[in-house]
Amino acid sequence: MISESTPAAKLSDATLSRFAKEVAKYPADQAQSAVMACLAIVQQELGYVSTESEAIVAQYLGMAPMAVHEVTTFYNMYNQRPVGKYKLNVCTNLPCQLREGQSTLHYLEKKLGISMGQTTADGMFTLQQSECLGACADSPVMLVNDRSMCSFMTPEKLDQLVDGLRAVENK
């Protein structure tokens with residue numbers, strides 16, 4: 003566990019309290035089991051997981067910083083840099099690829115005026131490709147903000163999604 007003199011002072015007390023609640027779910031010698039939950043908490047507070055915050059999580063859980071970094075980089079749900087308000091992950095794995103997954107990604111690139119991996123100038127959208135989202139029968143699929151699954155994404159449905167999100171923001 004960390005002491006008051008560590009760089010964790012850059013995380014809020016509420017965040018550190020949430021860390022403690024997650025760690026408490028595991029036996030004392032298995033605090034590392036809370037690594038994914040702690041990274042998710044950091045991302046909720048900061049919007050992404052920086053290498054500095056990885057180091058804080060590592061120190062808090064008694065892990066090597068590289069072990070935490072391996073978790074952050076393995077899962078695409080952790081943003082390693084700031085992203086737009088809406089992160090659009092388009093599945094481009096083989097089943098979706100066979101049912102227009104790549105075309106879906108290219109359509110969004112054109113509609114948003116950005117390439118995969120970029121964020122729109124207004125900070126609203128970040129476009130990413132994703133590995134399998136587990137909804138092959140519904141392809142092409144995408145995930146919005148790592149939470150909302152969108153299925154059977156035609157150009158019309160993509161227009162409705164993007165235009166609808168823009169309209170909500172412009173109210």
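Every position in the sequence shown, counted from 1, becomes a number in the numbering used here once 2 is added.
By construction, the Cβ of each residue, glycine as well, lies at the ideal position given by its N, Cα and C atoms.
Same chain only: Cβ atoms within 7 Å of residue i, ignoring 5 sequence neighbours per side
| i | result |
| --- | --- |
| serine 14 | Glu47 |
| serine 141 | Cys93, Pro97, Cys98, Arg101, Gly103 |
| arginine 20 | Ile43 |
| serine 117 | Glu111 |
| cysteine 134 | Cys93, Asn95 |
Cβ neighbours of residue i in the same chain (closer than 6 Å, five flanking residues each side left out)
| i | result |
| --- | --- |
| threonine 128 | Val85, Gly86, Lys89, Thr121 |
| valine 44 | Val51, Ser55 |
| histidine 71 | Glu56 |
Residue i to residue j span [Cα, whole Å]
| i | j | result |
| --- | --- | --- |
| methionine 151 | leucine 145 | 5 Å |
| alanine 60 | aspartate 148 | 23 Å |
| tyrosine 28 | alanine 22 | 10 Å |
| glycine 115 | glycine 136 | 28 Å |
| histidine 108 | glutamate 158 | 14 Å |
| alanine 123 | lysine 12 | 28 Å |
| threonine 106 | serine 153 | 11 Å |
| asparagine 172 | aspartate 31 | 49 Å |
| cysteine 138 | glutamine 162 | 22 Å |
| threonine 53 | leucine 18 | 17 Å |
Check whether residue i and residue j have beta carbons under 8 Å apart
| i | j | result |
| --- | --- | --- |
| serine 132 | cysteine 93 | yes |
| cysteine 40 | leucine 63 | yes |
| glutamine 104 | glycine 119 | no |
| valine 37 | methionine 65 | yes |
| glycine 49 | asparagine 81 | yes |
| valine 170 | methionine 155 | no |
| asparagine 78 | asparagine 91 | yes |
| alanine 33 | valine 25 | yes |
Beta-carbon separation (whole angstroms), residue i vs residue j, contact threshold 8 Å
| i | j | result |
| --- | --- | --- |
| leucine 160 | leucine 110 | 6 Å |
| lysine 113 | valine 164 | 6 Å |
Proximal residues to residue i (C-beta, below 8 Å), its chain only, five neighbours per side dropped
| i | result |
| --- | --- |
| threonine 75 | Gln82 |
Next item on the list: Could you pull out every unbroken beta strand (DSSP E) segment of at least 3 residues lying fully inside the segment 73-108, listed in chain order?
Entry: The segment 73-108 contains these whole beta strand (DSSP E) runs: 88-93.
Checklist line | 3 or more residues per run - each beta strand (DSSP E) lying fully within the segment 105-139 | finding: Taking 3 residues as the minimum length, the beta strand (DSSP E) runs contained wholly in the segment 105-139 are 127-132, in order along the chain.
Check: What alpha helix (DSSP H) runs, 4 residues minimum, are completely inside the segment 22-80?
Finding: Counting only runs of 4 or more, we get 37-48, 53-63, 67-76.
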